[in-house]
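Inspection log for the structure reproduced underneath, given as structure tokens.
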Amino acid sequence: MEKLILRRVDNAGEEMLLNFGPQHPSTHGVINFLVDTDGEVMKKAIPDIGYLHRALEKIGESTGYPGFMPYTDRIDYVAAMFANEGYAIAVEKLLKVEVPPRAQWLRAISCELCRIASHLVSTGTMASDIGATTPLVHALRERETVNDLLEALCGARLTYNYHRIGGVAFDLPEGWRDRVLKFLDHFDTMLVEWDRLITFNSIYIKRLANVAVITKTQAIDYGLVGPNLRGSGMDWDVRRDVPYGAYPHFKFEVPVGRGSRGTVGDAFDRYYVRVLEMMESSKIVRQALESMPEGEIIAKVPRKVKPEAGEAFSRVESARGEMAYYVVSDGTEKAYRVRARTGSFTAMGIIEDISPGLMVADLVALIASIDVVAPEIDR
Amino acid sequence: MPKETVEQYFGNVTETVQSFWHGLSITLSYLLRRPITTQYPDRTELPVRDMLPPRYRGFLEVDPDICTGCQACERACPISCIQINLEKDSANPKLRVVTQFDIDEAKCMFCGLCVEPCPTGAIQHTREFEGSQRSVRNLTLRWADPENPFPVYKVAKGAEYYPRAPLGSLVRAKLEARRWDAPGPEFLPPDPTATAKKPAGPKAAAAKPAPAKVAEAKPAEVVQAAAQAVPPAEAVSAAVPAKADGASAAPAAAPAPAPASTVNPGDGQPA
Amino acid sequence: MTVNEIHERLKAQFGEAVGPLSEPKIDAFVVVSGHKIVDVARFLKETPGLELDHCNDLTALDWPARNVIEVVYHLFSYGHRHGIVLKVEADRANPVVPSVEGVWKAANWLERECYDMFGVTFTGHPDLRRLLLPDDWQGFPLRKDYQEAGGYHGIPNTRENPLVELRRLDEKRRAERPPPPPPPPAATSNPPAAPAAPAKA
Amino acid sequence: MPVNYPPAPKFTPRWMIAVTLAAMVGIPALILGAVLLATPLLQPAVIDAALGFGPYTSPWARDLAYAVAALLLALLMVNFGAIFSGAISWYERRVAGRIQSRIGPNRAGFLGFFVWIADAVKMILKEDLVPADADALLFRAAPYFVLVGFACTFVVLPFGHSLVVADLDVGIFYVTSVTALTVVGILISGWSSNSKWALFGGMRSAAQVISYEIPAGLAIFVPVAMAGTLSMQGLIRAQGGFPWEWFIFRNPAALVAFFVLFTSQLAEANRTPFDLPEAESELVAGYLSEYSGFRFALFFLCEWGNIWVLSAIATTLFLGGWQIPGITAAQIDAVRGAGVVPSLAWWSWNALSMAIFVAKTLVLCNVVVWLRWTLPRIRVDQMMNLCWKYLVPVAFGCLVFTLFWQVGVGARPQLEVITGCVLFVFAVVLAFLFGRRVRLNIQAVQGDKFDLSNW
């Protein structure tokens, strides 16, 4: 880093080195960008991450298997449910445990609600970064309801720790189903209003369309996942294409960026894919609530989780894209290695190569549109 | 900027007018809808803790009256924020007493993993969450009095429920007994000899009454198995009308809201 | 295509450089010799029918007992929906592995992270700097023998443990107090009252 | 938890409601009453008559009297600006809260009305920080440039029929020139802070304000061409009390010019969607980044006060100003009487005209606030694009059209009447459709309904 700064000093006067972060309103956490600007136009934005590194992978080697579950909440605290699920699936693979159907349905419901909550934050902060604060508060208002629901389900609003190895911790509370359906009825109409309020606002479109275009090949090459990948026109969703849990039983569409307002893969596409995904999640939750099987909510798992030596890799479709866990066991009670591969991490890697030629204001749109969450980058 | 056609030029204008028309009408309409926020905390209908769902994971509470001293919670805690010490009662060698049951609420991450293995439901999350303290040391709640240790609870065979104090009452009493700006306890200066021992800290200390611990482990697991067979505590407490204070206090593994004797509506908050 | 078929293709192409498919305990993997990894990667990505275009994950495992660091590649193909896990073993004392950054751009950051955490040097990487940790960090934290330095530039990374400290306080108080014979019966007679009294800090 | 202060009361006490309501009504009434009394009475002619100054009076005595009067008026106007900007800061936060399903400030006084006073007190008590490497003199001076540019506009802003500090012949021209001082202040603050963010903000502001002076100036020429004067009072007197007699409806080009002017003025006042100089999500706080305490407060005083200025100018130029429907300005002049102090009827008409002017201006202030909480921020190149590719040509077209229009109106005066009525009906229909849309919006979202509670 010092080397970089020194190099900049040489041509001082022509260019300006801007420390965009770590404390900056729109870096979505503690991230620093070394922005090399020529006036308003950027030469390059170099991400400097690690401010939120909490060595979770190292911690995973010292807590037992069940004990790491609350830590997964902290990997991506905006969408903690997926981190729970991914880790649980990986350990279940190691243990060769079959998850009861009801637990799988509960996982799907909780995850899709969590996806709605996460995308609301993402789209809301995006609007706020573009300068419209009202949509953010509207999004957070809806998210509060989702949080209330998840709180009633698992006792926490953010760090759910709901999934367990072999199932989930709690069954549905009384009256919860009706509350969810009532919320979804409201939410579906709210999304229509949301589109009219901000999505199709002409200033908003002008700010996002044709900005920070990531082509399909680039997206694949850089390992972008989830809505960022789909925003670039790649029709891929782990839930549909590498199905896990209860997802094969649900009918849903996978929204893909079509360049409706500009080029395929621009910031607007990535944003709009998220809006559409919220609608799909709402559909999935409805289907899941309808077809919910009866039965156990957790498989019989020994209290001392001690899988045989081996390694397992699990992939789930998190709100920020594919989240993969790579858990290696050496036959003891503690994992030999827990590795979380997160969507934000690889998404950050592309910023440096996309940024040249963008304006400073576009950097904000780019960061918001790839929806990075600092703890998920740093883990 | 690419070249614009005439249609694009005028299209921009009409699009702007249209989208502003919609956007402005929506924001205006919100002036006529009800805000969802409430003025916290003095204008809420109920005290906030009573509006939280029964599963809410707030401060941990231990009811020493029904604690079996099995240390399952201590083992389950991923961050070792619980420390339990068992000793033989000097007067009655058969009786074991808990001389230390400390929970570092400042370190606790409210994950709920300690609640699940508890055979009697002695350790539970409450809906208490307001406990700011000037000194972080004051956030270590001591459930056993070292001067006056409590004996472990013997689970009667075939016990259906355990007489737990109303959930939240104990922790609330503890929190209310201490001013928020009370000074924390003075710790001893660091022990130079302890540096080598420290990494093993809590475990080494806990392992002292080793024989007793091994003996204890067995019955505890039996009880745990029994506890798993019955429906989880949650379903029960959710069934009880959640409004009455301590409804969620229905102890773990109680098939009916049985220990209602302890559910005393009058002993909640005055509001 | 199954993992076996991919492995056969690899075997046919690279022969000795590609090890046997591991006994599939849960997820099977193939050990590839380090100097061939770029060729293998390019082959896997570019051969029609394989086209593993998605470098899903790249990380490492530290095995002090075997004195190796394994670099693990999780590869996947969007088009064909198949994948394979590759492993490259490197010497623990001086782990050097060729970089696959030229094959998958995603490997750029993943390799940097791997370098940061395990100290694996990826030759041919354009910008191999520490990623998550500060540039002047000592050691590679995810190695099994990593010892914490106890702080960073005078910033401590430990906090007093009140549980241990309180225990020490208790023990000191008890040692100071003369052992009284009468209290024990009293202690057993009124145990329920004990918890109600607020703990004296 | 036991804490060291008593718990907040469950309801706002009666006395607090009474005090707040008294302040809500009393403060504006007081300041507007002072304007109503002082502006006509502290004029040279009235002072001359009251103090018996004649041609033989010592010029020193006369100048002293004038200077005292000017000082009093200046004090009054600066206070008006400060109180207005404080009150609208509260109002804006309340409206923003409601728009965002929140309550907004609600602690200091009933409905949180005293929050702006609390803010001001807090700002004054805060440390006045000057960054170590900043150009201290310029850094300290910058807020005063902004304040002067803001305060000077009040010299010609009318409040009613005769309620204006000085009805300069070059009124509107004077306004456009003194507001340019604001940009000097912002530019200085951006440069002298020695912060990259502040520099960005200052530069953006300079580019923005200077560019938007051009469409604003061109749009101003439309009413000027219609009225044939630059004087603010003259512009209002050329209009009438009824909506179809306003400039905005009398000429289709003026309708367009109104929107051009309003947009440009938003940009000049750095209001959303043109809040680029202080874009908080991009530039942290732009040129304000390094300011604290009272200097920060001065910037914000001017920013919020500018809402009044821009609304008042738009009202003056296009919306008929203080014109009372059915009463012409000449009729009010006639009831003044010959005495030093005007007659009671004259005062009443003036009070009514002031009420009308304030009401119209507040409506526009609401629009400004409302726009801010609806729209995202435009990008800097788009801002330039909008100015040069849309607003300037349109404003120019409007001006040319107006020139021909005036020729036409000279030939056929009924043209203006017909257009006025048609456009007014058109506006009413639009307003009705908009109201319907608003109602549909509420009905469309499941579970939402018309509800004015929980303020």
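Protein chains in written order, with the numbering used here: chain A, 1 to 379; chain B, 380 to 650; chain C, 651 to 851; chain D, 852 to 1306.
The beta carbon of each residue, even a glycine, is placed where N, CA and C say it ideally should be.
Cβ separation of Phe508 (chain B) and Arg422 (chain B), assumed to be a contact under 8 Å, to the nearest whole Å: 18 Å between Cβ atoms; not a contact.
Spatial distance of Ala368 (chain A) from Glu311 (chain A) (CA atoms): The alpha-carbon atoms of Ala368 (chain A) and Glu311 (chain A) are separated by roughly 35 Å.
Cα-Cα separation, Tyr723 (chain C) to Ile214 (chain A): In a straight line, the C-alpha of Tyr723 (chain C) is about 24 Å away from that of Ile214 (chain A).
Where Cys705 (chain C) sits in the DSSP three-state scheme: strand
Contact belief for Pro70 (chain A) with Met488 (chain B) at Cβ below 8 Å, rounded distance in angstroms: Contact flag correct, Cβ pair sits at about 6 Å.
Residue from D:Ile1207, D:Asp1126, D:Arg1288 and D:Phe1150 with nearest C-alpha to Ala933 (chain D): Ranked by Cα distance from Ala933 (chain D), the options D:Ile1207, D:Asp1126, D:Arg1288 and D:Phe1150 are led by D:Phe1150.
Chain C within 7 Å of Pro457 (chain B), Cβ atoms only: No, Pro457 (chain B) lies away from the interface with chain C (no Cβ there is under 7 Å from its Cβ).
Where Ser511 (chain B) falls: helix, strand or coil (DSSP): coil
Listed by chain order, chain C residues near Asp185 (chain A) by CB distance under 7 Å: Under the 7 Å cutoff, chain C gives no residues; its nearest Cβ is about 36 Å from Asp185 (chain A).
Inter-residue Cα distance where the pair is Pro670 (chain C) and Lys695 (chain C): Straight-line spacing of the CA atoms in Pro670 (chain C) and Lys695 (chain C) works out to 20 Å.
Pick from D:Asp984, D:Val1160 and D:Phe1283 that is closest to Leu998 (chain D), judged by C-alpha positions: Of D:Asp984, D:Val1160 and D:Phe1283, the residue nearest in Cα terms is D:Val1160.
Where the beta strand (DSSP E) containing Glu658 (chain C) begins and where it ends: Unbroken run through Glu658 (chain C) is the alpha helix (DSSP H), Val653 to Phe664; no beta strand (DSSP E).
For Thr771 (chain C), the first and last residue of its enclosing beta strand (DSSP E): Thr771 to Thr773
Beta-bridge pairing of His163 (chain A) - partner residues as DSSP gives them: A:Val168
Selected residue, minimal CA-CA separation from Ala374 (chain A), among A:Asn19, A:Val211, A:Asp185 and A:His24: With distances taken between Cα atoms, Ala374 (chain A) lies closest to A:His24.
Any chain D beta carbon closer than 7 Å to Thr416 (chain B): It does: the Cβ of Thr416 (chain B) has a partner Cβ on chain D nearer than 7 Å.
As assigned by DSSP and simplified to three states, the class of Gln503 (chain B): strand
Opening and closing residue of the alpha helix (DSSP H) in which Ala209 (chain A) lies: Taken as a continuous stretch (DSSP letters only), Ala209 (chain A) belongs to no alpha helix (DSSP H), as it is neither H nor E.
Pro812 (chain C) - containing beta strand (DSSP E), residue span: Note, Pro812 (chain C): premise wrong, no beta strand (DSSP E); alpha helix (DSSP H) at Pro812 to Glu826.
Selection of the region 1007-1028 of chain D by Cβ proximity to chain B, strictly under 7 Å: none
Any chain C beta carbon closer than 7 Å to Glu317 (chain A): no
CB contact flag (Val91 (chain A), Tyr51 (chain A), <7 Å): In this structure, Val91 (chain A) keeps its C-beta atom at 7 Å or more from the C-beta atom of Tyr51 (chain A).
Inter-residue spacing [alpha-carbon to alpha-carbon] between Glu453 (chain B) and Gln462 (chain B): 6 Å
CB contact below 7 Å: Tyr419 (chain B) versus chain D: no
7 Å Cβ cut-off: residues of chain B touching Trp1224 (chain D): Thr406
Burial state of Leu686 (chain C), where buried means 16 or more other Cβ atoms lie within 10 Å: Here residue 686 (chain C) turns out to be Lys, not Leu, going by the sequence shown. By the neighbour-count rule (16 or more Cβ atoms within 10 Å), Lys686 (chain C) is buried.
Completely contained beta strand (DSSP E) runs for the region 1254-1304 of chain D, where each covers 3 or more residues: none
Contact belief for Ile198 (chain A) with Ala127 (chain A) at Cβ below 8 Å, rounded distance in angstroms: 5 Å
Ranges of the alpha helix (DSSP H) found wholly within the region 173-237 of chain A, counting only runs of at least 4: Runs of the alpha helix (DSSP H) lying entirely within the region 173-237 of chain A, each at least 4 residues long, are 176-194, 202-208, 216-221 and 226-231 in chain order.
Other residues of its chain near Leu95 (chain A): CB distance less than 6 Å, five sequence neighbours each side excluded: Correct list, in chain order: Pro307.
Proximal residues to Met875 (chain D) (C-beta, below 7 Å), its chain only, five neighbours per side dropped: Phe964
Where Thr709 (chain C) meets chain A, residues with beta-carbon distance less than 7 Å: Tyr326 and Arg339
Glu394 (chain B): contacting residues in chain A (beta-carbon distance under 7 Å): Contact note: Glu394 (chain B) reaches chain A through Ser202, using a C-beta cutoff of 7 Å and chain order.
Expected contact under 8 Å - CB spacing of Tyr336 (chain A) and Gly86 (chain A) to nearest Å: Incorrect: roughly 18 Å between the Cβ atoms, too far for contact.
Test: Val1289 (chain D) CB closer than 7 Å to a CB of chain B: yes
Within-7 Å CB hit, Arg516 (chain B) to chain C: yes
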